[in-house]
Amino acid sequence: MQTQASKYWRSCCTAATVSLILFSGCEKKDEEKHSVNEDEIKKISETMGHYVIENLNAQSLTLDTESFIKGIEGAKAGQEPPLSKQKFLELLANYRKKAFEMKSSENLKMAEDYLGDNSNSPNIVVLEKGKLHYQRLKPGNGETVSETSTPLIQYEGRLIDGQVFDSTGKRGKPAELPLKSTIPGFRKGIVGMKEGEKRRLFIHPDLGYGENSRLPPNALLIFDVEVIKADAAKKEAKAPQKETSMSWLKRWAVPN
Numbered sequence: 130m131q132t133q134a135s136k137y138w139r140s141c142c143t144a145a146t147v148s149l150i151l152f153s154g155c156e157k158k159d160e161e162k163h164s165v166n167e168d169e170i171k172k173i174s175e176t177m178g179h180y181v182i183e184n185l186n187a188q189s190l191t192l193d194t195e196s197f198i199k200g201i202e203g204a205k206a207g208q209e210p211p212l213s214k215q216k217f218l219e220l221l222a223n224y225r226k227k228a229f230e231m232k233s234s235e236n237l238k239m240a241e242d243y244l245g246d247n248s249n250s251p252n253i254v255v256l257e258k259g260k261l262h263y264q265r266l267k268p269g270n271g272e273t274v275s276e277t278s279t280p281l282i283q284y285e286g287r288l289i290d291g292q293v294f295d296s297t298g299k300r301g302k303p304a305e306l307p308l309k310s311t312i313p314g315f316r317k318g319i320v321g322m323k324e325g326e327k328r329r330l331f332i333h334p335d336l337g338y339g340e341n342s343r344l345p346p347n348a349l350l351i352f353d354v355e356v357i358k359a360d361a362a363k364k365e366a367k368a369p370q371k372e373t374s375m376s377w378l379k380r381w382a383v384p385n
């Protein structure tokens with residue numbers, strides 16, 4: 130945790146340091162007026178301030194703006210910071226840990242409350258009580274997805290607030306996903322779907338990513354999934370082809 134905090138805060142401090150350098154450039158505009166655009170420097174500096182705060186907010190960390198600015202002014206004046214680097218990293222690691230635990234607890238309660246209410250909604254099918262629901266958005270009539278399938282699908286993954294975190298639509302093409310390699314809630318939610326069918330899955334964090342992902346900890350996951358082909362890995366048997374240097378290379382190529 131301390132190492133992660135160190136890496137993260139170094140990135141924030143780097144942004145702040147660059148901002149200071151840019152502000153210093155403004156003060157030396159007479160010397161550098163032929164190479165520096167003052168208006169651009171101001172916009173870049175302000176934008177960096179936004180990014181520092183956005184990065185902190187993404188980790189549920191609160192920054193005291195007045196103290197932060199005081200630190201910037203102190204650094205410009207050559208003053209020592211109020212904490213040593215070691216003490217700073219210790220306090221930051223502890224702060225991040227507590228903020229993470231609080232956010233994780235809040236998200237878990239939100240997910241369970243949502244699923245509790247959702248189970249009473251019309252057209253909701255409960256696969257696992259309090260853990261996994263789905264709503265059929267469009268029926269299908271083709272082959273059926275099994276637990277061992279590698280279906281070809283279109284999907285969009287969202288958080289409870291509607292934020293999209295993954296989408297085949299953004300990539301411009303459907304995806305082949307071996308179900309054995311997906312999270313339990315996704316796998317269980319699409320088994321039994323027919324080609325052409327579309328479902329909306331509601332997945333509890335226990336069957337999703339839990340606390341271990343780049344997403345907010347214990348986030349409820351909502352997926353819209355449409356099956357194009359039940360098992361894209363299933364191919365018709367073909368007559369053996371004559372071995373060529375190209376097919377040999379393809380056979381031994383390391384997959385990306």
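Everything in the sequence shown is counted per the numbering used here, starting at 130 for the first residue and increasing by one. Even glycine gets a Cβ: it sits at the ideal position worked out from N, Cα and C. All values derive from a computational prediction rather than experimental measurement.
CA nearest to the CA of residue i, picked from the options
i    : options                : result
K327 : L349, P334, G271       : G271
K267 : L350, G325, F197, P346 : G325
L237 : P346, V181, I319, E285 : P346
S234 : G339, K363, I198       : G339
N252 : A348, F331, N166, A362 : F331
T191 : R225, A348, G178, A204 : R225
L288 : F229, G200, A240, K358 : A240
E305 : D242, H333, E230, I357 : I357
G321 : A362, G291, S189, L256 : L256
K363 : I173, A204, P280       : P280
G94  : N249, I351, S248       : This structure cannot speak to residue 94, because the chain is shown only from 130 to 385.
Residue i, DSSP secondary structure in three states
i    : result
V320 : coil
I312 : coil
F152 : Bear in mind that a pLDDT of 48 at F152, under 50, signals an unreliable position, so the number given afterwards is only what the model happens to contain. DSSP places F152 in helix when its eight states are reduced to three.
K158 : Note that K158 scores 49 on pLDDT, short of 50, meaning its location in the model is unreliable; the coordinates nonetheless yield the value given after this. Three-state DSSP puts K158 in a helix.
E305 : strand
Beta-carbon spacing of residue i, residue j below 9 angstroms
i    : j    : result
R329 : D360 : no
S296 : E285 : yes
I312 : I282 : no
G269 : K323 : yes
K302 : V293 : no
L308 : E276 : yes
L349 : Y243 : yes
Q188 : A222 : no
G203 : E209 : yes
T250 : Q264 : Correcting the residue identity first, residue 250 is Ser in this sequence and not Thr. Going by C-beta atoms, S250 is nearer than 9 angstroms to Q264.
Proximity test, Cβ basis, 9 angstroms: residue i and chain C
i    : result
H262 : Within the model displayed, chain C is absent; a lone protein chain is all it includes.
Rounded Cβ spacing between residue i and residue j (contact assumed at less than 8 angstroms)
i    : j    : result
H262 : V274 : Not a contact, Cβ separation roughly 18 angstroms.
L336 : K258 : Actually they are not in contact, since the Cβ atoms of L336 and K258 sit about 12 angstroms apart, beyond 8 angstroms.
Whole alpha helix (DSSP H) elements within the region 216-303, 4-residue minimum: Fully enclosed alpha helix (DSSP H) runs of no fewer than 4 residues occupy 297-300 of the region 216-303, in order along the chain.
Length at least 4, wholly inside the region 167-226: the alpha helix (DSSP H) runs in chain order: Taken in chain order, the complete alpha helix (DSSP H) segments of 4 residues or longer contained in the region 167-226 are 167-187, 194-205.
Contained beta strand (DSSP E) runs [length at least 3] in the region 320-363, N- to C-terminal order: 327-332, 350-358, all fully within the region 320-363.
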